[in-house]
Structures are given as structure tokens and as C-alpha cells.
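Right, one structure below, let's go through it.
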Amino acid sequence: MPLDPSFVGRTYPPDSTYEVGREKIREFATAIGDANPLYTDPEAARAVGYPDVIAPPTFLTVINLDAINAIANDPELGLDYSRMVHGDQAFGYTRPVHAGDRLRITTTVEDIMARAGNDFLTVRGEVVDADGQLVCTTRAQLVVRGEGA
Numbered sequence: 062m063p064l065d066p067s068f069v070g071r072t073y074p075p076d077s078t079y080e081v082g083r084e085k086i087r088e089f090a091t092a093i094g095d096a097n098p099l100y101t102d103p104e105a106a107r108a109v110g111y112p113d114v115i116a117p118p119t120f121l122t123v124i125n126l127d128a129i130n131a132i133a134n135d136p137e138l139g140l141d142y143s144r145m146v147h148g149d150q151a152f153g154y155t156r157p158v159h160a161g162d163r164l165r166i167t168t169t170v171e172d173i174m175a176r177a178g179n180d181f182l183t184v185r186g187e188v189v190d191a192d193g194q195l196v197c198t199t200r201a202q203l204v205v206r207g208e209g210a
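As C-alpha cells, this is what we get:
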């Protein structure tokens, strides 16, 4: 069943706040094998002007994935999760994420298109801090393989 194109423009407001912690940043940096001291050493981060350790660029996957899953699991959309694969991911930052940030994400279905028997779903996320200031715009493209793919 193809995805419902009327979902383009549909917005999903944040349902929680994610508090960024030093330990979560350290765990993520370790998991991706990045030993940059700005991710683990508060003094190194402060020495270059940050208020605390900063997160690796792909760290926001942690909150972005939950937001994408809320859309993917919306029964009205018609997405067969078992046929979904990740197509693309991008992050556009206005500033680095750092320990102590309290972040919220609003997601919007930006595009739905069909090509070669597959559906492509593009989702944009706007991540803001506790003051409502934009921290990052995320984009993800999901591919739902067609029956013959």
C-alpha cells in the first residue's frame, strides 16, 4: 500500500524534553569511536569557549529516531515498518549541542514520493533548546521498499 501523500506538511509536536548529559555524550562518542576530548573533558571544552562538553554531530540521532518512529508508526500513514530502510540523514546546526541542554524536537513530513516502485518519505526535525532557540535542523529520508523490491 502506498504512503498517504496527504501527510505532506503534517507536523508532530514534541512530546518530551531530552536533557543532554555528559555521560550520554561520552557513551555516544565511545560507541562511534571518536576520542575527541571536547566530547569527554569539560575543561578541554571550556578552554575553547563551550559551557561544557559538546556532543558529536550525529548525537541528535538519539532524539531524532524517536520522533521519526512516531511518524513511521502512525497507522494512518500506511507505512510497513518491516519494509523500511534508512535512506539519508543530515544535520544543520546553529550551534553545538552541549551537556546541560534541554532539547525538544518538532517533526514535519516534508515530502512523500514514489519512484521505481518504492516510497520515499522525507522528515524534517526542528530541535530547539529550553529558550526556544533553534539548535539544529535534521532531515531524514526513509525508503519503503515496494512489494517486488
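Using this note's numbering, read the sequence shown as starting at 62 and increasing by one per residue. The beta carbon of each residue, even a glycine, is placed where N, CA and C say it ideally should be.
With distances taken between CA atoms, A92 lies nearest to T119 out of Y79, Y73, T119 and R71. Per DSSP, A151 is one residue of the beta strand (DSSP E) stretching across M145 to Y154. Residue pairing for R165: DSSP places it in a beta bridge opposite V189. Apart from the 5 residues on each side of it in sequence, A96 sits with its Cβ closer than 8 Å to the Cβ of A90 in its chain, given in chain order. By the beta-carbon neighbour count (other beta carbons within 10 angstroms, threshold 16), V146 is exposed. By a beta-carbon distance limit of 8 Å, L64 does not contact G186. Their separation comes to about 18 Å. E137 and E88 have their C-alpha atoms spaced approximately 36 Å apart. Comparing C-alpha distances from M174 to each of V205, C197 and N134 shows the shortest one belongs to V205. Cβ-Cβ distances below 7 Å link L121 to F152, V158, V188, C197 and T199 in the same chain, with the five nearest sequence neighbours on each side left out; the list follows chain order. With a beta-carbon spacing of about 17 Å, D162 and V109 fall beyond the 8 Å limit used to define contacts.
CA-CA distance, T183 to P75, rounds to 18 Å. Around the CB of N130, fewer than 16 other CB atoms lie within 10 Å, so the residue is classed as exposed.
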